[in-house]
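One structure is given below, encoded as C-alpha coordinates.
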Amino acid sequence: MTTHYSLLFSDESGLDIRDAYLWYESRRPGLGEEFESCLEDAFYLLTRSPRLNQIMYKGIRVHYISRFPYGIHYLLDELNIRVMAVFHTSRNPSSWDHRLDEAW
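Sequential numbering of the sequence shown, starting at 19, is according to this note's numbering.
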(Lines of atoms letter the chains of each structure in order from A and count residues from 1; the text may use other names and numbers.)
(Lines give C-alpha, C1' and ligand atoms only; values in the text may rest on other atoms or scores of the structure.)
Protein backbone atom coordinates (compact mmCIF):
# COMPACT_ATOMS: atom_id res chain seq x y z
CA MET A 1 0.00 0.00 0.00
CA THR A 2 1.33 3.43 -0.95
CA THR A 3 1.17 6.20 1.61
CA HIS A 4 0.18 9.61 0.30
CA TYR A 5 1.88 12.44 2.11
CA SER A 6 0.54 15.96 2.41
CA LEU A 7 2.80 18.99 2.12
CA LEU A 8 2.44 21.51 4.93
CA PHE A 9 4.34 24.80 4.84
CA SER A 10 5.41 26.97 7.74
CA ASP A 11 4.59 30.63 7.20
CA GLU A 12 8.28 31.43 7.03
CA SER A 13 8.97 28.79 4.38
CA GLY A 14 6.39 30.51 2.18
CA LEU A 15 8.32 33.74 2.62
CA ASP A 16 11.56 31.94 1.75
CA ILE A 17 10.02 30.77 -1.52
CA ARG A 18 8.64 34.22 -2.34
CA ASP A 19 11.97 35.92 -1.62
CA ALA A 20 13.92 33.46 -3.79
CA TYR A 21 11.40 33.79 -6.61
CA LEU A 22 11.59 37.60 -6.53
CA TRP A 23 15.39 37.58 -6.39
CA TYR A 24 15.69 35.31 -9.43
CA GLU A 25 13.01 37.24 -11.31
CA SER A 26 14.91 40.50 -10.65
CA ARG A 27 18.04 38.97 -12.16
CA ARG A 28 16.35 37.83 -15.35
CA PRO A 29 12.65 37.88 -16.26
CA GLY A 30 11.41 34.30 -16.33
CA LEU A 31 14.15 32.94 -14.07
CA GLY A 32 11.84 33.11 -11.06
CA GLU A 33 9.37 30.98 -13.00
CA GLU A 34 12.12 28.46 -13.73
CA PHE A 35 12.97 28.35 -10.02
CA GLU A 36 9.31 27.80 -9.17
CA SER A 37 9.02 24.99 -11.73
CA CYS A 38 12.08 23.20 -10.30
CA LEU A 39 10.66 23.67 -6.82
CA GLU A 40 7.32 22.14 -7.88
CA ASP A 41 9.18 19.16 -9.36
CA ALA A 42 11.04 18.73 -6.07
CA PHE A 43 7.80 18.87 -4.07
CA TYR A 44 6.24 16.26 -6.35
CA LEU A 45 9.20 13.95 -5.78
CA LEU A 46 9.04 14.54 -2.03
CA THR A 47 5.37 13.54 -1.83
CA ARG A 48 6.22 10.29 -3.63
CA SER A 49 9.46 9.45 -1.80
CA PRO A 50 9.84 11.56 1.35
CA ARG A 51 12.35 9.17 2.91
CA LEU A 52 14.66 9.55 -0.09
CA ASN A 53 16.73 12.07 1.86
CA GLN A 54 18.55 11.16 5.05
CA ILE A 55 18.08 12.98 8.33
CA MET A 56 20.71 15.72 8.48
CA TYR A 57 20.16 17.35 11.89
CA LYS A 58 17.46 17.61 14.59
CA GLY A 59 15.15 15.33 12.60
CA ILE A 60 15.36 17.59 9.54
CA ARG A 61 15.80 16.14 6.07
CA VAL A 62 17.04 18.24 3.17
CA HIS A 63 16.09 17.79 -0.47
CA TYR A 64 18.16 19.80 -2.94
CA ILE A 65 16.44 21.49 -5.86
CA SER A 66 17.77 20.77 -9.33
CA ARG A 67 19.47 23.66 -11.20
CA PHE A 68 19.30 26.02 -8.21
CA PRO A 69 21.43 26.10 -5.05
CA TYR A 70 18.50 25.70 -2.67
CA GLY A 71 17.46 23.01 -0.26
CA ILE A 72 14.01 22.15 1.07
CA HIS A 73 14.38 21.54 4.81
CA TYR A 74 11.55 19.38 6.11
CA LEU A 75 10.27 17.20 8.91
CA LEU A 76 8.47 13.96 8.17
CA ASP A 77 5.76 12.28 10.20
CA GLU A 78 3.35 9.45 9.37
CA LEU A 79 1.26 11.46 6.89
CA ASN A 80 2.82 14.89 6.46
CA ILE A 81 5.87 16.56 5.02
CA ARG A 82 6.33 19.74 7.06
CA VAL A 83 8.40 22.21 5.07
CA MET A 84 10.32 24.33 7.56
CA ALA A 85 12.53 26.32 5.19
CA VAL A 86 13.64 26.70 1.59
CA PHE A 87 17.17 28.06 1.92
CA HIS A 88 20.14 28.83 -0.25
CA THR A 89 22.80 26.19 0.34
CA SER A 90 25.28 28.82 1.57
CA ARG A 91 23.10 29.64 4.60
CA ASN A 92 23.71 28.08 7.98
CA PRO A 93 20.66 26.07 9.16
CA SER A 94 21.25 27.25 12.73
CA SER A 95 20.04 30.69 11.61
CA TRP A 96 16.49 29.35 11.65
CA ASP A 97 16.44 26.84 14.54
CA HIS A 98 13.61 28.86 16.05
CA ARG A 99 11.34 27.54 13.30
CA LEU A 100 11.43 24.08 14.86
CA ASP A 101 9.45 25.49 17.79
CA GLU A 102 6.74 26.86 15.50
CA ALA A 103 3.26 25.56 16.29
CA TRP A 104 1.51 23.63 13.57
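Cβ atoms here follow ideal geometry from the backbone N, Cα and C, with glycine treated the same way. As the structure is a prediction and not an experimental result, all values here were calculated from the model.
The beta carbon of Phe27 is closer than 6 Å to those of Val101 in its chain, skipping five residues each way along the sequence.
Close CB contacts of Tyr42 within its chain, under the 6 Å cut and outside five residues either way in sequence, are with Leu49, Gly50 and Phe53 (chain order).
In its chain, beyond the 5 residues on either side, Ala38, Val104, Phe105, His106 and Thr107 have a beta carbon closer than 7 Å to the beta carbon of Tyr88. Its Cα nearest to that of Ile90, the residue Leu57 stands out among Glu96, Asn98 and Leu57.
Going by DSSP, Ile35 is part of the alpha helix (DSSP H) stretching over Asp29 to Arg45. Nearest Cα to Leu63 within the set Ile83, Leu118 and Tyr75: Ile83. By the neighbour-count criterion, in which 16 or more other beta carbons inside 10 Å mark a residue as buried, Asn71 falls on the buried side.
Note on Ser67: under 16 other CB atoms within 10 angstroms of its CB, so exposed under the neighbour-count rule.
Taking C-beta atoms as the reference points, Ile78 and Leu93 count as a pair closer than 9 Å.
DSSP places Phe105 in the uninterrupted beta strand (DSSP E) bounded by Asn98 to His106.
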